[in-house]
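*Asks:* For reference, the structure I am asking about is given below.
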Amino acid sequence: MEKYTAFADPSSGVNPFIPFWLANPPRDSKGVKLLRPLLLCLPLVVLRLPFLILGMLLLAVSQLLVTVFTLLSAPVGRGLACLLYPVSAKLVLLGVGVVRYHKDLADSRRLKIRPIVDPASFGSSDIILSNYQSLTDVLLLLACWAPREFIFVNSAGQARILGPIGALLEACSKNPGQWGPQVAGLPDAEQILDEGAGPYVIFAEGARTNGTGILRFPKKVDAFVEAARKSERLGAAGIHYSSKNNCGHYSPSHTLPIPGALHTLYQMAQLYQPATVTWLPCKDTKASTAIQTTTLLSRLVGRECVDMSEKVDARTAEAFRNYYSQYSVVSKKAE
Numbered sequence: 001m002e003k004y005t006a007f008a009d010p011s012s013g014v015n016p017f018i019p020f021w022l023a024n025p026p027r028d029s030k031g032v033k034l035l036r037p038l039l040l041c042l043p044l045v046v047l048r049l050p051f052l053i054l055g056m057l058l059l060a061v062s063q064l065l066v067t068v069f070t071l072l073s074a075p076v077g078r079g080l081a082c083l084l085y086p087v088s089a090k091l092v093l094l095g096v097g098v099v100r101y102h103k104d105l106a107d108s109r110r111l112k113i114r115p116i117v118d119p120a121s122f123g124s125s126d127i128i129l130s131n132y133q134s135l136t137d138v139l140l141l142l143a144c145w146a147p148r149e150f151i152f153v154n155s156a157g158q159a160r161i162l163g164p165i166g167a168l169l170e171a172c173s174k175n176p177g178q179w180g181p182q183v184a185g186l187p188d189a190e191q192i193l194d195e196g197a198g199p200y201v202i203f204a205e206g207a208r209t210n211g212t213g214i215l216r217f218p219k220k221v222d223a224f225v226e227a228a229r230k231s232e233r234l235g236a237a238g239i240h241y242s243s244k245n246n247c248g249h250y251s252p253s254h255t256l257p258i259p260g261a262l263h264t265l266y267q268m269a270q271l272y273q274p275a276t277v278t279w280l281p282c283k284d285t286k287a288s289t290a291i292q293t294t295t296l297l298s299r300l301v302g303r304e305c306v307d308m309s310e311k312v313d314a315r316t317a318e319a320f321r322n323y324y325s326q327y328s329v330v331s332k333k334a335e
């Protein structure tokens with residue numbers, strides 16, 4: 001993987017964009033490579049497809065109902081979201097191979113913060129800061145807290161605020177963050193918090209990673225995050241996927257410029273994929289202001305995750321995707 005060294009974090013040497021299966025290709029015999037798709041992958045896809053379709057249909061209907069009832073009564077709409085979104089998301093998670101996940105409160109000793117006294121969950125006026133890897137992140141957050149809207153940003157500071165279905169489509173995009181000039185910038189934190197239509201989720205890095213690093217936030221996004229943190233309305237959630245070979249070689253991280261449908265198909269063909277969501281309440285996120293937000297988020301993701309905010313950002317991710325696309329074309333021509 002020396003050809004991708006330019007996109008790694010200079011201080012740690014960790015590359016946050018190379019998928020696990022590309023960095024550690026399976027060493028199967030030719031016979032296993034021929035039989036695996038027929039005996040394992042195809043049956044798994046056929047078995048999981050009904051869960052995926054049913055879950056997506058239920059999620060679409062749920063979003064419609066929540067939108068309508070929210071116009072009539074915000075508390076009723078919120079209650080309906082808490083009831084329907086987790087059920088729909090769990091069905092889709094089964095469809096993409098995430099057969100189990102854990103929702104864990106953060107360990108204050110590992111985060112190096114004061115002990116958590118009041119582990120209050122996220123409310124309708126809160127923003128959840130999360131790392132960003134693929135559409136599976138959206139599903140896990142829906143299953144855990146039923147957020148109403150997701151905020152996606154890019155390196156230019158533009159932002160798209162989307163409901164669950166729109167968020168899944170954006171998370172499946174081949175080249176995330178490549179939006180036209182008509183897409184507006186990120187609004188003020190107070191404007192979103194005053195609406196009370198959340199909780200919201202913000203993917204502040206502006207690009208997808210493989211879970212081994214937290215990228216530097218764009219300047220406008222960083223200001224937004226810090227404002228929400230000071231107002232005690234910013235919580236955090238770190239999502240970690242296992243990279244063990246016995247789970248399947250294809251990981252959920254969608255960092256390569258491939259279509260979302262193809263990425264989802266590959267993920268469905270894996271044996272299974274466990275996940276862990278580690279979260280920190282809003283009060284404790286504010287109380288730990290001595291720790292940089294990116295560092296705090298990296299500790300939530302896990303010990304394998306590095307704070308790369310000094311050198312690596314969303315523009316590095318764009319350069320990596322462009323390089324990979326060009327390298328793939330050259331390799332195919334050479335063959």
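Take the UniProt record's numbering: the last position of the sequence shown gets the number 335, and nothing is skipped along the way. Glycine included, C-beta positions come from ideal geometry on N, C-alpha and C.
Per DSSP, what kind of secondary structure is Ala236 in: helix, strand or coil?
*Replies:* Three-state result, Ala236: strand.
*Asks:* Counting Cβ pairs closer than 8 Å, one from the segment 265 to 284 and one from the segment 88 to 99, do we hit at least three?
*Replies:* These segments touch.
*Asks:* Do three or more CB pairs link the segment 114 to 123 to the segment 164 to 171 at distances below 8 Å?
*Replies:* No, because fewer than three Cβ pairs between the segment 114 to 123 and the segment 164 to 171 fall closer than 8 Å, the two stretches do not touch.
*Asks:* Rounded to a whole number of angstroms, what is the C-alpha to C-alpha distance between Ala89 and Pro187?
*Replies:* Using only the alpha carbons, I get a separation of about 28 Å.
*Asks:* If you draw a straight line from the alpha carbon of Asn154 to that of Gly79, how long is it in whole angstroms?
*Replies:* Rounded to the nearest angstrom, the two C-alpha atoms are 32 Å apart.
*Asks:* Could you work out which residue in Leu49, Thr316, Leu58 is closest to Ile214 when comparing CA atoms only?
*Replies:* Cα-wise, what sits closest to Ile214 is Thr316.
*Asks:* Report the three-state DSSP secondary structure of Gln158 (helix, strand or coil).
*Replies:* Gln158: strand per DSSP, three-state reduction.
*Asks:* Between the alpha carbons of Leu296 and Ile127, how many angstroms are there, rounded?
*Replies:* Roughly 16 Å between the two C-alpha positions.
*Asks:* Verify whether the separation of the beta carbon atoms of Gln133 and Tyr250 is less than 9 Å.
*Replies:* No, these two residues do not count as a Cβ contact at 9 Å.
*Asks:* Can you tell which of Leu65, Leu47, Glu318, Val306 has the C-alpha that lies nearest to the C-alpha of Ser12?
*Replies:* Looking at the Cα atoms, Val306 is the closest of the given residues.
*Asks:* If distances are taken between C-alpha atoms only, which option among Thr264, Pro218, Arg299, Ser253 comes closest to residue 339?
*Replies:* As shown, the chain starts at 1 and ends at 335. That puts residue 339 outside it, with no answer to give.
*Asks:* Please classify Ile116: does DSSP put it in a helix, a strand, or coil?
*Replies:* Correct three-state label for Ile116: coil.
*Asks:* Is Arg315 helix, strand or coil when you go by DSSP?
*Replies:* Here Arg315 sits in helix by DSSP.
*Asks:* State buried or exposed for Pro43, treating a residue as buried only when at least 16 other CB atoms are found within 10 Å of its CB.
*Replies:* Exposed, because fewer than 16 other Cβ atoms sit within 10 Å of the Cβ of Pro43.
*Asks:* Using a threshold of 9 Å, state whether the C-beta atoms of Ala143 and Phe152 are closer than that.
*Replies:* No; because the gap between Cβ atoms is not below 9 Å, this pair is not in contact.
*Asks:* Per DSSP, what kind of secondary structure is Val329 in: helix, strand or coil?
*Replies:* Any reading at Val329 is ruled out, since the residue's pLDDT is 49, under 50, leaving its predicted position unreliable.
*Asks:* Pick out whichever of Val138, Trp279, Asn24 has its Cα sitting closest to the Cα of Leu162.
*Replies:* The residue with the shortest Cα to Cα distance from Leu162 is Val138.
*Asks:* Using only alpha-carbon positions, find the residue among Asp284, Ala23, Gln270 that is nearest to Leu39.
*Replies:* Comparing Cα-Cα distances from Leu39 to each of Asp284, Ala23, Gln270, the minimum goes to Gln270.
*Asks:* Can you look up Glu335 in the DSSP assignment and give me helix, strand or coil?
*Replies:* Per-residue confidence for Glu335 stands at a pLDDT of 46, beneath the threshold of 50, marking its modelled position as unreliable; the derived number appears in the next sentence. Coil.
*Asks:* What residue range does the alpha helix (DSSP H) around Ala228 cover?
*Replies:* 219 to 230 is the extent of the alpha helix (DSSP H) around Ala228.
*Asks:* Using the C-alpha atoms, what's the distance from Gly180 back to Phe150?
*Replies:* If I take the Cα positions, the gap works out to 19 Å.
*Asks:* Whose C-beta lies closer than 7 Å to the C-beta of Pro119 among residues of the same chain, with five residues either side of it excluded?
*Replies:* Contacts found: Leu105, Pro281.
*Asks:* By how many angstroms is the C-alpha of Glu190 removed from the C-alpha of Gln267?
*Replies:* Answer to the nearest angstrom: the Cα atoms are 38 Å apart.
*Asks:* Here's the rule I'm using: 16 or more other beta-carbon atoms within 10 Å means buried, otherwise exposed. How should Gly185 be labelled?
*Replies:* With fewer than 16 other Cβ atoms within 10 Å, it is exposed.
*Asks:* Leaving out five residues on either side along the sequence, give the residues of the same chain with a beta carbon under 7 Å from the beta carbon of Thr255.
*Replies:* Excluding residues within five positions, the ones whose Cβ falls inside 7 Å are Phe17, Pro19, Arg208, Thr209, Asn210.
*Asks:* DSSP beta-bridge partners for Glu310?
*Replies:* Partner(s): none; Glu310 has no beta bridge.
*Asks:* Quick one: is His102 buried, meaning 16 or more other Cβ sit within 10 Å of its Cβ, or exposed?
*Replies:* When all chains shown are included, His102 counts as exposed.
*Asks:* My understanding is that Arg229 touches Thr285, with C-beta atoms under 8 Å, so please give their C-beta distance in whole angstroms.
*Replies:* Confirmed, about 6 Å.
*Asks:* So, at 7 Å on beta carbons, what are the nonlocal neighbours of Met56 in its own chain, with the 5 sequence-adjacent residues on each side left out?
*Replies:* Closer than 7 Å at the Cβ level, and outside the excluded window around Met56, lie Val92.
*Asks:* Restricting to Cα atoms, I'd like to know which of Ser309, Glu318, Arg48 is closest to Pro176.
*Replies:* Of the listed residues, the one whose Cα sits closest to Pro176 is Glu318.
*Asks:* Measuring CA to CA, which of Ser62, Glu205, Ala223, Ala261 is closest to Lys311?
*Replies:* Cα-wise, what sits closest to Lys311 is Glu205.
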